[in-house]
Amino acid sequence: MKLHVRPLLKVALATALALAGQAAFAQAFDAARIYGAIPERDGGAVGLGVFTGQKYLGSRETRTMPVPVIDYQWSNGFFAGTGNGLGLNFSKQPNISYGVRITADFGRDEDLDANLNGMGDIKARPEFGGFLNYNLDRSFVLTSSLRYGAGNDRKDMQLDLGAVYSTMLAPQWRIGVGAAVTLVNADYMQTNFGVSAAQSARSGHAVYSPGAGLRDVRANLSLTYAIDQRTAITTALSARALQGDAKDSPITRKSNSLGGGVVGTYLF
1454 MKLHVRPLLK VALATALALA GQAAFAQAFD AARIYGAIPE RDGGAVGLGV
1504 FTGQKYLGSR ETRTMPVPVI DYQWSNGFFA GTGNGLGLNF SKQPNISYGV
1554 RITADFGRDE DLDANLNGMG DIKARPEFGG FLNYNLDRSF VLTSSLRYGA
1604 GNDRKDMQLD LGAVYSTMLA PQWRIGVGAA VTLVNADYMQ TNFGVSAAQS
1654 ARSGHAVYSP GAGLRDVRAN LSLTYAIDQR TAITTALSAR ALQGDAKDSP
1704 ITRKSNSLGG GVVGTYLF
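In terms of the working numbering, the sequence shown opens at residue 1454 and continues consecutively.
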């Protein structure tokens, strides 16, 4: 079967980046899956995945859930979807993409895990930011994304930096490897890993005031099988290691974790 490499490359890289966050519900918008210049024609991808990952960052417990994949790019630069959020790509160069976007932080319910009892809910919030991706070649992409506005006080900020390499193993098989880090401000750390005096009184955790810095490092491995020129199935495994103040938080029960999933994608 003769396959077009470019559509398969898009599927493989997009899925590898999606799973680099260990699960779609844990790091849904860590990187923008936008590559190169504004497309000449409208097009997108639709699919369904099943992902397993920690209930929250630092949890000992895991959960498995289905996650829809819906993303679309217009020839005027606008894009929207479950992986990229809502935004605009300004690039007219084939090896770079950059722009602005609106994403979402889904928050955290205290009843998600017994270890969070008394910590209170973190409300879901919109995030505003930008992205810059650079293609070193057809297979190697450097990614960056800045997001601001999450947390109950709407002051949380995250900077995600990553790299993904993907190469063909056979006419219908492609392997991808990726790595990423996330840097956060003190507001984010306090929201997700800190314990205030009031939270301490309710939960029994010691008061904890973390500072800004490196939140975690991640690595992933993915394998994509192209059923035809537009349809592919990808399986992936991802590892995460919390760092610094996130690792030392009283609510962190497991700093190193594994996750992954399977996703089927159709390009149109």
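Glycine residues also receive a C-beta, built at the ideal position from the N, C-alpha and C atoms.
Are the CB atoms of residue j and residue i within a distance shorter than 7 Å?
i     : j     : result
F1646 : P1624 : no
T1718 : V1520 : no
F1584 : A1650 : no
M1745 : N1638 : Residue 1745 lies beyond the stretch modelled for the chain, which goes from 1454 to 1721, so this question has no answer here.
R1693 : S1675 : no
T1596 : G1615 : yes
Y1488 : S1550 : yes
G1602 : P1579 : yes
P1492 : Q1526 : yes
P1703 : V1634 : no
D1483 : D1613 : yes
K1608 : L1565 : no
Kindly indicate which three-state DSSP category residue i falls into: helix, strand or coil?
i     : result
A1651 : helix
N1568 : helix
Q1475 : With a pLDDT of 42 at Q1475, under the threshold of 50, the predicted position of this residue should be treated as unreliable, and no value is reported.
A1679 : strand
Q1643 : helix
Measuring alpha carbon to alpha carbon, tell me which residue in the options is nearest residue i.
i     : options                    : result
I1555 : F1581, S1512, E1493        : F1581
G1511 : I1575, V1715, K1707        : K1707
V1503 : G1712, D1590, R1607        : G1712
D1524 : L1501, G1552, V1553        : L1501
Q1652 : I1491, I1575, A1633, D1669 : I1575
G1666 : D1701, A1679, A1689, A1672 : D1701
Between which two residues does the beta strand (DSSP E) containing residue i stretch?
i     : result
D1524 : 1515-1526
S1710 : 1709-1720
F1531 : 1531-1534
Could you give the residue range of the alpha helix (DSSP H) that holds residue i?
i     : result
G1697 : 1697-1700
Subject >> Contained alpha helix (DSSP H) runs [length at least 4] in the stretch 1560-1641, N- to C-terminal order >> reply: Runs of the alpha helix (DSSP H) inside the stretch 1560-1641: none found.
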